[in-house]
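Undergrad:
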Amino acid sequence: MDALSTQLKTPTEVVFDYTHFLCESQQPNWTFFDIFRSLLPMFNTVLEYQAGGDQSPLTAQERLQQDAARVMSVRHTDTSNLVQLAGLARAQGIKELTVLMPYALEYRQMESISHQTGAQLEYSNENREWVRFTFISDVDACLH
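The numbering of the sequence shown is the working numbering, which starts it at -6 and goes up by one.
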């Protein structure tokens, strides 16, 4: 991860490895509670609260990974998954998100993602593909 950090222009708040997500999604290890939580999302918060009583709080990256595993799917398009991921990040108050990609996205995919998320996108496909989302709040937009 250090090599990647030196390639990026600015430090990021959260890095999400989309390649890892795709690989992990191919081999789901479902437990009874995972199935139960996926069928009844309203109980998800209750189960997490009860199970997390003696655990340390999750980092923003860990929360994003958990939430992404619940809503993103390999059955969805990359565009759809990245739009959902950006929505989760924004809802968690993440200001900047870098997504490591296994391949480059097409220009029209990037346009669609930017349009649907309202985020500024920056990308690289030199050594390793990545897409950086920078979320501008309404207050920041008014100042510029």
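In this text, a Cβ means the ideal position worked out from N, Cα and C, and glycines have one as well.
Model, not experiment: these values are computed from the prediction.
Tell me the rounded alpha-carbon separation between Tyr116 and Ala84.
TA: In a straight line, the C-alpha of Tyr116 is about 22 Å away from that of Ala84.
Undergrad: Can you list, in chain order, the residues of its chain whose CB lies under 8 Å from that of Arg125, leaving out five sequence neighbours each side?
TA: Result list for Arg125: Leu1, Thr5, Glu89, Leu90, Thr91, Val92, Leu114, Glu115, Tyr116, in chain order.
Undergrad: Use the C-beta contact count for Asn120: other C-beta atoms within 10 angstroms, 16 or more gives buried, fewer gives exposed.
TA: With fewer than 16 other Cβ atoms within 10 Å, it is exposed.
Undergrad: Tell me the rounded alpha-carbon separation between Gln102 and Leu51.
TA: Whole-angstrom Cα-Cα distance: 31 Å.
Undergrad: Going by DSSP, what residue range makes up the alpha helix (DSSP H) through Tyr100?
TA: Tyr100 -> alpha helix (DSSP H) spans 100 to 110.
Undergrad: For Met35, collect the residues of the same chain with a Cβ closer than 8 Å to its Cβ; drop the 5 residues on either side in sequence, then sort them by chain order.
TA: Low confidence applies to Met35: its pLDDT is 49, below 50, so where it sits in the model is not reliable, and the reading given next is rough at best. Same-chain partners within the cutoff: there are none.
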